[in-house]
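K.L.:
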Amino acid sequence: LEVATREASLQARQAWLNVSSGAARVQALEQALVSTKAQLASTKLGLQVGVRTNLDVLNAEQQVFSAQRDLAAARYAYLLAGLSLKAAAGTLSADDLQAIDQLLTSQRSSSSATSAGGFGAQRAPAALALKRDNLTLGRTTRTASR
Numbered sequence: 244l245e246v247a248t249r250e251a252s253l254q255a256r257q258a259w260l261n262v263s264s265g266a267a268r269v270q271a272l273e274q275a276l277v278s279t280k281a282q283l284a285s286t287k288l289g290l291q292v293g294v295r296t297n298l299d300v301l302n303a304e305q306q307v308f309s310a311q312r313d314l315a316a317a318r319y320a321y322l323l324a325g326l327s328l329k330a331a332a333g334t335l336s337a338d339d340l341q342a343i344d345q346l347l348t349s350q351r352s353s354s355s356a357t358s359a360g361g362f363g364a365q366r367a368p369a370a371l372a373l374k375r376d377n378l379t380l381g382r383t384t385r386t387a388s389r
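So the mapping is simple: the numbering used here equals the position in the sequence shown, first residue as 1, plus 243.
#1: Quick one: which unbroken alpha helix (DSSP H) runs of 4-plus residues sit fully inside the region 303 to 363? Chain order, please.
#2: Exposed or buried, residue 269, counting other C-beta atoms within 10 Å across all chains shown (16 or more means buried)?
#3: In or out: residue 279 buried (at least 16 other Cβ within 10 Å) or exposed?
#4: Figure out for me which residue from 345, 273, 300 and 252 has the closest Cα to the Cα of residue 431.
#5: Does the region 252 to 267 come within contact of the region 321 to 338, defined as at least 3 CB pairs closer than 8 Å?
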């Protein structure tokens, strides 16, 4: 019984650390996406003026798409970490899974409405919320107790 208690405690602690670091990673990648978009705009302007080449623009576009991909992966990992935390705490319910499903479904429909080549990250909500624990992703705050 003692071993099971320690393992459960360790799993919950690890899940909490994954949620905390995941939220920070998402925020950092959101800023990286903003920066790469600004760099792309600057590179396109440089092309118009004649100081940049088409290759520079393509490289800048690749960086934007890489930032979008990394942000989507970080959001996904964050959501999984939140579900793992709830599972470790014994509070995971079907409602939580439905909330995640609705979130991902709404993102899928918004991404299909974006231009080809984009992942819909520019139209994704600024805050993806995990219900009940008030664990949030993006530009909002996290208010879960340890």
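Ideal Cβ positions, reconstructed from N, Cα and C, are used throughout, including at glycine. On a predicted model such as this, the values are computed, not experimentally measured, just so you know.
P.N.:
Straight from the coordinates:
#1: Complete alpha helix (DSSP H) runs here, min 4: 337 to 355.
#2: So residue 269 counts as buried.
#3: With 16 or more other Cβ atoms within 10 Å, it is buried.
#4: No statement about residue 431 is possible, as the shown extent of the chain runs from 244 to 389 and does not include it.
#5: Contact between the region 252 to 267 and the region 321 to 338 is present: three or more C-beta pairs spanning the two stretches fall below 8 Å.
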